[in-house]
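Let me begin by presenting the structure, written as structure tokens, before commenting on it.
In this note's numbering, the protein residues as written are 80 to 172.
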């Protein structure tokens, strides 16, 4: 169950954030949707793989620190997409 939540749940969350960013960035002539999709293509599988490795390495000693690392790794992709969206909205890059 830990793997389902730690890997699958995070991947689903990132996919939903990516989809929301793609929808929010379409129709205004910018490439935010494309940028979010390209980041998601590489970011979601990479994050899932890293979270799997974190969980596999710490399966015998389940402690809190690896959950913080998983959260930080999982938050990188949505933050990059949010920054891209905000930059385009503010500066019309």
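Note that the Cβ used here is the ideal one computed from N, Cα and C, for glycine as well.
Neighbourhood of residue i by C-beta distance below 8 Å, restricted to the same chain and skipping five residues each side
i: residue 82; result: 131 and 134
i: residue 145; result: 133, 134, 136 and 137
Classification of residue i by the beta-carbon crowding that lies within 10 angstroms, buried from 16 upward
i: residue 114; result: buried
i: residue 120; result: exposed
i: residue 102; result: exposed
i: residue 156; result: buried
i: residue 80; result: exposed
i: residue 158; result: exposed
Three-state secondary structure (DSSP) of residue i
i: residue 133; result: helix
i: residue 259; result: In this structure the chain extends from 80 to 172, so residue 259 is not present and cannot be described.
i: residue 104; result: coil
i: residue 80; result: coil
i: residue 97; result: helix
i: residue 128; result: helix
i: residue 110; result: coil
Host alpha helix (DSSP H) of residue i (start-end)
i: residue 164; result: 144-170
Sequence-distant residues of the same chain with beta carbon closer than 6 Å to residue i, five excluded per side
i: residue 93; result: 123 and 156
i: residue 168; result: none
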